[in-house]
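> The structure that follows is given in the form of structure tokens.
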Amino acid sequence: MKRQILFSVLILISILSLRAEISINARNRDIHSVFAEIMHQSGKNFVYSSDLLKGRKIINLNVQKESLKNVLDKLFAGTDVSYYIRGNNILLKKKKQSSPQRFILNGYVKERETGEALIGAFVIDTISHISSSTNAAGFYTMQIPTGKAGIKVLYPGYATLRKNIDITRNTTIDFTLSPGISGDGKSIELSEVVITADRNHTLAMESSDVGRLNLTRNDILSTPTVFGEPDVIKTIQLQPGVSAGVEGLAGMYVHGGNHDENLYMLDNVPLYQVNHFGGLFSAFNTEAIKNVDFYKSTFPAKYGGRLSSILEVHTKDGSLKQHHGSFRLGLTSGAFNIDGPIFKDKTSYSFAIRRSWFDLLTIPALAIYNSVREDKEMTLIAGYAFTDINLKINHNFSERSTLHGMFYFGEDYLKGGEKEKIVSSDIDEIMNEKNINKLRWGNIVGSIGWNYMISPTLFLELTGAASYYNSNINQESTESILNTSGKYNYSNSRIFSIRNNITDYLGRADFGWNPSSEHRIQFGVGLTYHNFIPQDTHGELYDMGTLLTITNYRHKIQALESYTYIGDDWDIINTVKLNAGVRAGIFSANGPLRLTIEPRASVRWKLNPQWTLKASYSRMGQFVHQLTESSISLPTDKWVPISGTLKPQISDKISLGGYFDLLSEYTFSIEAFYKWMRNIVDYRDDYFIMPESTPWDILLCQGSGRAKGIDFSVIKRMGKITGQISYSLLWSDRQFNHKNGGMRFPSAYDNRHKINITANWKINNRWELNAAWTGMSGNMITLPTQAYEILNTQDIPYFSVYWDKFIDLGTKLNNFRLPFYHRLDVSANHRTKHGLWNFSLYNAYCNMNVITIKREISIDSSDHTYTGKNQYKALRLIPLIPSVSYTWYF
Amino acid sequence: MKNLNIFIVSLLILCSCTTDFEPDLHSDPVVVINVMASFNEPIKASVTRSIEIGSSSENNIILRDAIVTVALNDGAPQRMLFNEESEKFESDVSPNMGDKVVISAVHSKYGKAEGSTVIPIPVQIDHWEREYRVMHDYNAIMPDQNGNIHYQKIINFEYKLTFTDPGDTENYYLLSSNMNCTDPILEENTSALDEIADNTNWFYLFSDKQISGKTYTLTCSRKFPTNFYQDHYYVNNIKLYSISKEYYLYLFSLFKKYEGFNGMMNEIGLASPFIIYSNINGGTEIVASQSWSEFADDVDSIIREIFNIPKPIYPDN
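So, in structure tokens, the structure goes:
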């Protein structure tokens, strides 16, 4: 009972003490003196840590006859100090920070004029520093704290959009951007300083990716190229760490990798044949391109299947608002492009066609030649053309659901030969002779995709596609003599064809999930059925119109490839970001089931607004490879899967990057890498003496490779003159048990030093000058050093080599580096009211670079005594090529 | 296909040029042994050295002072002597069918090289048949005095030749002829691309892979136009060589490097580097062997009878 009485008294005293009236009028007084007065009037003591009141020495407080609680509430209002009254003590503590509530902000980023989704646009809250980027559908989602948000939307070539908003609940906002600089001759807004976003700068400073590049159509258009034909691969060839291979061709050798180690994707569908005209032009029509992503060091878990790089080309969706298009005519090709709404704001289309017109020149030239030649009955046939067609249809069911269909057709066609017809009425006979060769090669791709926002934080991309790659060589040789009754007096004909093709059917589901503002998770699955026919030959031999022999050989391999992946882009703290994931691939062809587990991780540490450091590790696996016996891309090259005893090709790559932003105008970057390659595939040294019927996996051997190097670049992003200077240092080698005697040798494109300088000068609203200079160490080639006399007997068959009686002695592979390669390309763009003139000079100072060296041994011989001269001949390719094109916009 | 090749090469030539080039590359010469051993014929060896490409000095490549030996069936080596006239090392050793021949050359400056071969068994042409047909030659027009056009005649000879593969071991063949032969086994080493690149060969390399132990019939043909060389004596012939495996691989690699599709790429310097097969340890080139059987058909009288052409006074063939 006594305890209860005592407890009640204490509570009463406490209540009374809180109710004790306190009066203080303090103006700019030291807080300790205010505490002393409160202690005096209330009879209580303050208990607190000495550093709690740092920076709060002087206060103002005016209370008259108020309770202790009210006085303390007023005293600590708006501060992070809380108080508790325990008996005779007032305990002061720092308030616990409670996380503000977060809400989802999502929507689409679109172009204002056309309503087309913008892929890879950055959406940043400048207050919370939380950011997001748009996916392939132009959709972004982010979780930001309640209250005021300062949203900034950036996209290259477009004026940056800024918008202040209050976030009090989950919010959907679509942002529309206007072009700051236009490549289509419209809406040109040129001022002294054009403030536009540079996504590559943002990628360098904000993302955790090392060696990632984003290109828009305007970037490609402003790169001078051969024949003035804008080309995405030629633009990428100017990047550090990328070698072009043989001059003028659209080869791509990334960080010491091989030509078949690049994954080219057109709207999420892999392409096998990416060249026209042996690689002089790429298969991607710039007029149809919206956006290109290129990865060379770190690879998101979403991508796989090649060791060295990923090039993802997104084609235009088409305007939802109005029809417009263009027509371009150049020296080598013409292109037509049109896009617009089918149903306004709902359904759009985009159609582009490009065709070379060399054959339009050759047709009259051949007609003249055939008419003036003496042998009137003989007709010479020759021609070449390439065509590509892109069609895309996009339909928005709702803000949450979009359906798109894509069709691509790309083909090269080459023919040559002659035919003759002689009608002899006097002897009643008709003679026909024909010898014609035709080559066709290219891709056909069709795909359908559905983008669906399952919830504000979960997005789905479904893709189904079929692709067909085909290379077909036909030879027809006929000689016949018919009498007037149509019967053969004599006939001999031969039809021969070689085909190699691949048919793929693929399906994939890619999810983007943002469970919180710190995590952006991507996961998905995919399945591809491959039908490889590396060789399909068919021959028919006729005699007197009767089928004499028929030969057929067909090699077919079916394969199933599947994969799954998951990756998280995680903002650990404001300055540190981690992107980690894993991809698992399974491949089944002839032979055992092959599995690859490919972990990926990259981390970004933003030291301050100017400095960013990055590190990454990527493992990539590859299940298919291209067999080529030449150093240029040919339609006869075959893609084949790993089979038999061959294992998947694997690469492990570590990269380190440092990025520095100077005055928001210059971006400096330095990226170092080391890449190990295992199970890489090449022909054995002795493959060419194996019988023709030998299975290809027996002709091949697997080995290892290494590549290491540093890429440095400085980019000027603003002002009338923009551009980039880059330097690459590279070492790359290979080792195979069955090549080069098992000894390590440099890879063919071990271009030790490479310098690229690109500049773009916007003189005024109408004129723009572009220049690109490339200088690099030459390619490595195998150059014989000794020659020897060939076996000489009267019975030996005749070979063309007997002209010089000497053949090359085998030597170490890639033992010689070609001379330093350098070239300057310049172009000028002149905009008119409705169009754009492009004048360009490829190889402006006409330095014909050496592309290969061959031995031409024209030895003076007499009784086995040979007087040698300088017998090496350098083949130099491509002089200065001027070109002009005009694009009419409507 | 030749027109197509010309088209492609012309495009390259249009925008390319070749210039002399002097790379700073040096290497040491190696011993080169060339031997073609045949059944029951004395063995001769050409022993030379390789030369440095691009060297401007005079090069006498014959290694007269080398010590060259021949050994049969792992027996004692016999010294071969240099013959100044033929510029070859010669011996009186004549191998039999199935003999193993080892040739060794030692030179004080260029070291030792050695190669071996086994003399193959010749395969006879067991049987042959001939047919011929007379046709108009549309490439040969002859107007008469009235301006009327007449076509000259052409004779097409066609042969069926039968031989039997021994079937006991791996056999390799070389068919050499002045006729054009078309047969699936003759094309076993011609890739589809070679087929397209050039389809006119006058020799054919093949193995017994498809015909081991079987009797096989080949088809060959030859056309004679009216305006042939009237002073020549015409014989259609075929030599069917049985060749050693090393010689087969040697010829095969020569064909791959210098002929067909790869030959075309090699011509413009863009082919993969091929190394010509060699069975010489410590040096290069080939110790090869062959045996042969021959078929010859005298068609001179048939041609002259059909074309009504008198026989030459001095037949030279």
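Quick note, the sequences are listed as chains A and B, same order.
For reference, each letter of the first sequence is one residue, going 1 to 890 in my numbering.
For reference, each letter of the second sequence is one residue, going 891 to 1207 in my numbering.
The C-beta atom is built at its ideal place from N, Cα and C for all residues, glycine as well.
#1: Report, in whole angstroms, the separation of the C-beta atoms of Lys94 (chain A) and Val81 (chain A), which I expect to be a contact under 8 Å.
#2: If you draw a straight line from the C-alpha of Pro613 (chain A) to the C-alpha of Ser208 (chain A), how long is it?
#3: Mind reading off the beta-carbon distance from Pro641 (chain A) to His530 (chain A)? Whole number of angstroms is fine, and I expect it under 8 Å.
#4: Tell whether a beta-carbon distance below 8 Å holds between Gln610 (chain A) and Leu307 (chain A).
#5: So which residues on chain B does Met205 (chain A) lean against when the C-beta distance must stay under 8 Å?
#6: Determine, using beta carbons only, whether Ala927 (chain B) comes closer than 8 Å to chain A.
#7: I think Ser243 (chain A) touches Tyr749 (chain A), with their Cβ atoms under 8 Å apart; what is that distance to the nearest whole Å?
#8: Would you identify the three-state DSSP class for Pro456 (chain A), choosing helix, strand or coil?
#9: So, is the C-beta of Ala844 (chain A) closer than 8 Å to a C-beta in chain B?
#10: Cutting at 6 Å between CB atoms, please list the residues of its own chain near Ser187 (chain A), excluding the five before and the five after it.
#11: May I have the straight-line CA-CA distance separating Gln1042 (chain B) from Pro1115 (chain B), to the nearest angstrom?
#12: Assign Ser1067 (chain B) to buried or exposed, taking buried as 16 or more other Cβ atoms, counted over all protein chains shown, within 10 Å of its Cβ.
#13: Ordered along the chain, which non-local residues of its own chain (more than five positions away) have a Cβ less than 6 Å from that of Phe505 (chain A)?
#14: I want to see whether chain B comes within less than 8 Å of Phe688 (chain A), judged by CB atoms only; does it?
#15: Identify every residue that forms a DSSP beta bridge with Phe284 (chain A).
#16: Does Gln871 (chain A) come out as helix, strand or coil in the three-state DSSP assignment?
#17: Using a Cβ-Cβ cut-off of less than 7 Å, give me the residues of the region 982-998 of chain B that come near chain A, in sequence order.
#18: What would DSSP say about Lys1147 (chain B), mapped onto helix, strand or coil?
#19: Which residues in the same chain have their Cβ closer than 6 Å to the Cβ of Leu646 (chain A), if we skip the five residues on either side of it in sequence?
#20: For Pro156 (chain A), name the three-state secondary structure that DSSP assigns.
#21: Could you tell me which residues DSSP pairs with Ser630 (chain A) in its beta bridges?
#22: Go to His40 (chain A), then tell me how far its alpha helix (DSSP H) extends in each direction, as first and last residue.
#23: What does the alpha-carbon distance come out to for the pair Ser704 (chain A) and Leu730 (chain A)?
#24: Helix, strand or coil: which one does DSSP assign to Glu399 (chain A)?
#25: Residues in its own chain within less than 6 Å of Ile353 (chain A) by CB, not counting five upstream and five downstream?
#26: Below 8 Å, can you find three or more Cβ-Cβ pairs linking the region 781-792 of chain A to the region 815-823 of chain A?
#27: If we define contact as Cβ-Cβ less than 8 Å, is Tyr1167 (chain B) a contact residue for chain A?
#28: By how many angstroms is the C-alpha of Leu663 (chain A) removed from the C-alpha of Ile22 (chain A)?
#29: Indicate whether at least one CB of chain C lies closer than 8 Å to the CB of Thr908 (chain B).
#30: Can you look up Leu215 (chain A) in the DSSP assignment and give me helix, strand or coil?
#31: Enumerated in chain order, which unbroken segments of the alpha helix (DSSP H) with a length of 4 residues or greater are wholly contained in the region 341-381 of chain A?
#32: Measure from the alpha carbon of Ile654 (chain A) to the alpha carbon of each residue in A:Tyr617, A:Gly43, A:Asn679, then state which is nearest.
#33: Please classify Ser371 (chain A) as buried or exposed, where buried requires at least 16 neighbouring CB atoms within 10 angstroms.
#34: State the start and end residues of the unbroken alpha helix (DSSP H) segment that holds Val920 (chain B).
#35: Counting only C-beta atoms, is Asp685 (chain A) closer than 8 Å to chain B at any point?
#36: Helix, strand or coil for Met252 (chain A) per DSSP?
Considering the structure as presented:
#1: Contact flag correct, Cβ pair sits at about 7 Å.
#2: The sequence given here places Leu at residue 613 (chain A); Pro does not occur at that position. In this model, Leu613 (chain A) and Ser208 (chain A) are separated by some 9 Å (Cα to Cα).
#3: That pair is a contact at about 6 Å.
#4: Leu307 (chain A) is positioned such that its CB atom lies no closer than 8 Å to that of Gln610 (chain A).
#5: Ordered by position in chain B, no residue passes the 8 Å Cβ test against Met205 (chain A), which lies about 43 Å from the chain.
#6: Among the residues facing chain A, Ala927 (chain B) is not included, as its CB has no counterpart in that chain under 8 Å away.
#7: Your pair Ser243 (chain A) and Tyr749 (chain A) checks out as a contact, with CB atoms roughly 4 Å apart and the cut at 8 Å.
#8: If DSSP states are grouped into helix, strand and coil, Pro456 (chain A) belongs with coil.
#9: By the rule that beta-carbons nearer than 8 Å mark a contact, Ala844 (chain A) does not touch chain B.
#10: The pLDDT assigned to Ser187 (chain A) is 35, lower than 50, so where the model puts this residue is not dependable, and the model offers no usable value.
#11: Approximately 8 Å between the Cα atoms of the pair.
#12: The residue is buried, with at least 16 neighbouring Cβ atoms inside 10 Å.
#13: The residue asked about is misnamed: residue 505 (chain A) is Tyr in this sequence, not Phe. Excluding positions up to five away in sequence, the list reads Ala466, Tyr529.
#14: So, interface residue.
#15: Answer by DSSP bridge pairing: none, since Phe284 (chain A) is not bridged.
#16: In the three-state DSSP reduction, Gln871 (chain A) falls in the coil class, being neither helix nor strand.
#17: Contact annotation: in the region 982-998 of chain B, no residue has its CB less than 7 Å from a CB in chain A.
#18: Lys1147 (chain B): helix per DSSP, three-state reduction.
#19: The answer, listed in chain order, is Asp697.
#20: Here Pro156 (chain A) sits in strand by DSSP.
#21: According to DSSP, Ser630 (chain A) bridges with B:Ala1161.
#22: Taken as a continuous stretch (DSSP letters only), the alpha helix (DSSP H) holding His40 (chain A) covers 31-42.
#23: One alpha carbon belongs to Ser704 (chain A), the other to Leu730 (chain A), and they sit about 17 Å apart.
#24: Of the three classes helix, strand and coil, the one that applies to Glu399 (chain A) here is coil, per DSSP.
#25: Contacts found: Phe336, Ile389.
#26: Yes: at least three Cβ pairs fall under 8 Å.
#27: For Tyr1167 (chain B), at least one C-beta of chain A is nearer than 8 Å to its own C-beta.
#28: Cα to Cα, Ile22 (chain A) sits roughly 57 Å from Leu663 (chain A).
#29: This model lacks chain C altogether, as its protein chains are A and B.
#30: Leu215 (chain A) falls in the strand class under three-state DSSP.
#31: The region 341-381 of chain A contains these whole alpha helix (DSSP H) runs: 358-372.
#32: That would be A:Tyr617, whose Cα lies nearest to the Cα of Ile654 (chain A).
#33: Counting Cβ neighbours within 10 Å, Ser371 (chain A) comes out exposed, since fewer than 16 surround it.
#34: Val920 (chain B) -> no alpha helix (DSSP H), and no H or E assigned at all.
#35: At a cut-off of 8 Å, the C-beta of Asp685 (chain A) has a neighbouring C-beta in chain B.
#36: In this structure, Met252 (chain A) counts as coil in the three-state DSSP scheme.
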